[in-house]
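The block underneath contains the structure these notes are about, expressed in C-alpha cells.
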Amino acid sequence: MLEAFLALPRVYKRILSVASDIIALTFSIWAAYALRLEQQYWLPDQKQALVAAITVLFTIAFFIKLGLYRAVIRYLSDKAFITIVYGVFASCLTFIVLGYLFQAFVPRSVPVIYGALAFVFVSGSRLGVRMLVNRPWEKEKESVAIVGAGETAMQLASALAQGTEYRPTVFITFESKNHKTTVNGLPVVSLQHTAKSIKKYGIRRILLALDADSTVDRKALISELEALSVPVQTVPSMSELVAGQARINDIRDLELEDLLGRDPVRSEPEVVAASLHGKSVMVTGAGGSIGSELCRQIIRHKPKKLVLFEQNEYSLYAIERELQAVNVVDGLDISIYPILGSVTHRRRCEVIMRAFAVETVYHAAAYKHVPLVEHNVIEGVQNNVLGTWHVAEAAIGAGVDRFVLISTDKAVRPTNIMGASKRLAELVLQGLSESQDSTVFSMVRFGNVLGSSGSVVPLFRDQIRDGGPITVTHPDIIRYFMTIP
84 MLEAFLALPR VYKRILSVAS DIIALTFSIW AAYALRLEQQ YWLPDQKQAL VAAITVLFTI
144 AFFIKLGLYR AVIRYLSDKA FITIVYGVFA SCLTFIVLGY LFQAFVPRSV PVIYGALAFV
204 FVSGSRLGVR MLVNRPWEKE KESVAIVGAG ETAMQLASAL AQGTEYRPTV FITFESKNHK
264 TTVNGLPVVS LQHTAKSIKK YGIRRILLAL DADSTVDRKA LISELEALSV PVQTVPSMSE
324 LVAGQARIND IRDLELEDLL GRDPVRSEPE VVAASLHGKS VMVTGAGGSI GSELCRQIIR
384 HKPKKLVLFE QNEYSLYAIE RELQAVNVVD GLDISIYPIL GSVTHRRRCE VIMRAFAVET
444 VYHAAAYKHV PLVEHNVIEG VQNNVLGTWH VAEAAIGAGV DRFVLISTDK AVRPTNIMGA
504 SKRLAELVLQ GLSESQDSTV FSMVRFGNVL GSSGSVVPLF RDQIRDGGPI TVTHPDIIRY
564 FMTIP
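So the mapping is simple: the numbering used here equals the position in the sequence shown, first residue as 1, plus 83.
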C-alpha cells in the first residue's frame, strides 16, 4: 500500500493532498460548531453551509498560492508548518467576514475552535504521512553521534535526518552545563559521558561538526575519542561549503590537516595587494601544487597580467584552463599567458619577463622530493640552484621590481641534497641582493606542505593502509606541517 502511494505521479499526490485538506477543513468547521453548541449531531442551515463551503475553497486556494502543495512531504520542513499557520489564520478571517456578509449564525468562539482544529488536522495529516514514509528508512539508518552543538552541528543533524544513510541520535558537547539537555529533539551529553552514550544509544559512528571559530583542541579531542571502538569522521570545512565544493552531509575520513591544531596565519590584504593589484605577475612552476595555489590566490587580487611559466605541458594546460574559468565566471578581465619553458634557460626567462613587462616574480619551480633529488644530484642542483640563479639574474636584467623565492624549512641546517640545494638558492639571492638595488629579493620557507607533490603524508597513508611499517628518516626527527587552501 505504502509502496503504491510512493509510486504515484506527483500530480496525483497533490490531488490526494488537496482532497485530504478539504475533508480536514470541512470536518473542522463541523466540529467547531458541534463543540461550541454541544450538539453531537449538529447540522448546518443553508447560510452556514454556504459560508463553510466558500471558506474551505478560499483556504485551499490560499494554500496553493502559498506553495503548500509543492512541498515534498518526505522532506517537510518547519517552513511548511508556518505556511499552514498563515493559511489557517486567513481562513479564520474569511470565516468571520463571510458569516457577517451572509448574516449566518457564527458564534464568536467557533472561528477560534475551527482554527485550532484546522491546524491540527492539516499539519497532523502531513506529519503522519512523513512518519510512515520515513519509517522503513529509519530502521536501516546507521546511528551516529555528532560532536558539537553549534550551527554546523545543527545543519548536519538536519541534513542527515532527511537522508537515508545516517540517523543522528545524540549531540556530544564540551560544556558540562549543557549535559542532559535537548537540542532539536536530540539529547545532549558531555564529552565525559561519550562511552556510556555509545552503549546506551547503539552509536556506530562519531561525526565531528565543529564550527570554524571553535577553540576546541582537535588533537586532544581525537586522542580522547581514539579509545572508543567506533570510527571518527568529519564534515567539510565552511570554506568548502561556501565555495560549493561539498555539501554539509558529505562525510569524510579525518585527514592529517584536521589534526594540526594551529590557528591559520592570516595575510595582510593591503600589503599583498600592493605588489599584485594591477601589476604584471609571473609564477615559475605554475603547474605545481604550490605554484598553482599561488596562481589561484594571485588572480583574486586582480593583477593586470598573470604569466604562468611551467615546463610540464599538461600541468600548464590544467592550471591555465582552471584560471581562465575563474576569470570568466568572476568577470576579472585578467590577461593570462601560459608559457612553456625551463628556469635553467636564463635568456628565455629574461625575454619573457621583458615581453610581458613583469613587475613581480614568484619563483616556485623546484625539485622538492627528497629521495629523488638524493638520487639525481646533478639535476637537483641544476634546477634548484642554477635555475634560481638564472631566473634571478633574468629578473634583474628585465627590471623586475620584486622577486620572491619559495624555499623550504629543510634549508635550515640541511641534512640532504634537496635542503642543501634550496639553501644555496637562498645564498644566491642574498648575494644578488647585495650587488644591486633595482630588484627587491625576498624568500619564504615552507614546511612540509600537505597535499603537495613532494609531501611525505601520502607515503605514510599508503604504508598504514598496507599494514605498515611506517618508514622515517630518523626516530627523533621533527617534521613541521602546513596546509595550502
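Positions of the beta carbon are idealized from the N, C-alpha and C atoms, including for glycine.
Source: prediction; values computed, not measured.
DSSP bridge partner residues for M526 (one or two, in chain order): BP columns for M526 point to L488.
Cα-Cα separation between T491 and H446, rounded to whole angstroms: In this structure, the straight-line span from the alpha carbon of T491 to that of H446 is close to 12 Å.
Proximity to R135 [Cα-Cα], best of I165, P92, F172 and V189: At residue 135 the sequence reads Ala, which differs from the Arg that was named. For the residues I165, P92, F172 and V189, the minimum Cα distance to A135 belongs to V189.
Alpha helix (DSSP H) segment containing P270, residue limits: First-last for P270: L269 to S273, but that is the beta strand (DSSP E), not the alpha helix (DSSP H).
Residue closest to K224, alpha-carbon to alpha-carbon, out of G285, R213, Q238 and F178: Looking only at G285, R213, Q238 and F178, the smallest Cα-Cα distance to K224 is reached by G285.
Three-state class that DSSP yields for N467 in the structure shown: Per DSSP, reduced to three states, the secondary structure at N467 is helical.
Range of the contiguous alpha helix (DSSP H) that encloses H458: Element bounds for H458: V453 to H458.
Where D104 falls, given that 16 or more other Cβ within 10 Å makes a residue buried: Label assigned to D104: buried.
N- and C-terminal bounds of the beta strand (DSSP E) containing F392: F392 -> beta strand (DSSP E) spans K388 to E393.
C-alpha gap between G182 and S192, whole angstroms: Rounded to the nearest angstrom, the two C-alpha atoms are 13 Å apart.
DSSP three-state assignment for V364, whether helix, strand or coil: V364: strand per DSSP, three-state reduction.
Identified DSSP bridge partners for E225: In DSSP, E225 forms a bridge with Y249.
Stretch-stretch touch, CB-based, cutoff 8 Å, three pairs: the segment 430–437 with the segment 476–486: A contact exists between the segment 430–437 and the segment 476–486.
K282 to S208 span [Cα, whole Å]: When the Cα atoms are used, K282 and S208 turn out to be separated by approximately 35 Å.
Identity of the residues DSSP links to P421 by a beta bridge: By DSSP's assignment, P421 forms a beta bridge with L391.
Nearest candidate by alpha-carbon position, reference D236, set E462, Y400, L311 and N267: For clarity, residue 236 is Ala in the given sequence; the question names Asp instead. Answer by Cα proximity: N267.
Outcome for V180 when other beta-carbon atoms lying within 10 angstroms are tallied against a minimum of 16: V180 should be labelled exposed.
Assigned exposure category for R250 - 16 Cβ within 10 Å defines buried: Residue environment analysis places R250 among the buried positions, since at least 16 neighbouring C-beta atoms fall within 10 angstroms of its C-beta.
Collapsed DSSP secondary structure at T277 in the structure displayed: Note: T277 maps to helix in three-state DSSP.
Segment limits, beta strand (DSSP E) that includes V171: Looking at the DSSP string, V171 is not in any beta strand (DSSP E); the run it does join, the alpha helix (DSSP H), is D161 to L184.
Closest by C-alpha distance to K388, when choosing among T247, N395, V366 and L399: Of the candidates T247, N395, V366 and L399, the residue whose Cα lies closest to the Cα of K388 is V366.
Delimiting residues of the beta strand (DSSP E) encompassing Y450: For Y450, there is no enclosing beta strand (DSSP E), as DSSP marks it with neither H nor E.
V456 to L308 span [Cα, whole Å]: Roughly 40 Å separates the two Cα atoms.
Coarse secondary structure for I286, derived from DSSP in three states: Correct three-state label for I286: coil.
T370 and I422 closer than 7 Å at C-beta: Residue identity check: residue 370 is Gly in the sequence provided, not Thr. 7 Å or more divides the Cβ of G370 from the Cβ of I422.
Residue burial classification, I461 (beta-carbon count within 10 angstroms, cutoff 16): By the 10 Å Cβ count, I461 comes out exposed.
Among K385, V364 and L391, the one whose alpha carbon lies nearest that of S375: The option with the nearest alpha carbon to S375 is L391.
Proximity winner among T498, A102 and V227, relative to V139 (alpha-carbon distances): When only C-alpha atoms are compared, the closest one is A102.
T317 - containing beta strand (DSSP E), residue span: Following the DSSP letters along the chain, one finds T317 inside the beta strand (DSSP E) bounded by residues V315 to T317.
Given 8 Å, three or more beta-carbon pairs between the segment 523–533 and the segment 484–498: Per the Cβ contact rule, the segment 523–533 is in contact with the segment 484–498 (3 or more Cβ pairs under 8 Å).
L239 (DSSP reduced to helix, strand or coil): In the three-state reduction of the DSSP assignment, L239 falls in the helix class, which pools H, G and I.
Residue range of the unbroken alpha helix (DSSP H) whose run includes V434: In this chain, the alpha helix (DSSP H) harbouring V434 covers R429 to A438.
Limits of the beta strand (DSSP E) - the one that T554 falls within: Element bounds for T554: n/a, residue is neither H nor E.
Beta bridge counterpart(s) of T265 as assigned by DSSP: Beta-bridge analysis with DSSP links T265 to P270.
C-alpha distance - S350 paired with R383, whole-angstrom precision: Between S350 and R383, the C-alpha separation is close to 14 Å.
Cβ-Cβ distance between A427 and G368 below 7 Å: For clarity, residue 427 is Thr in the given sequence; the question names Ala instead. Result no, Cβ atoms of T427 and G368 do not sit closer than 7 Å.
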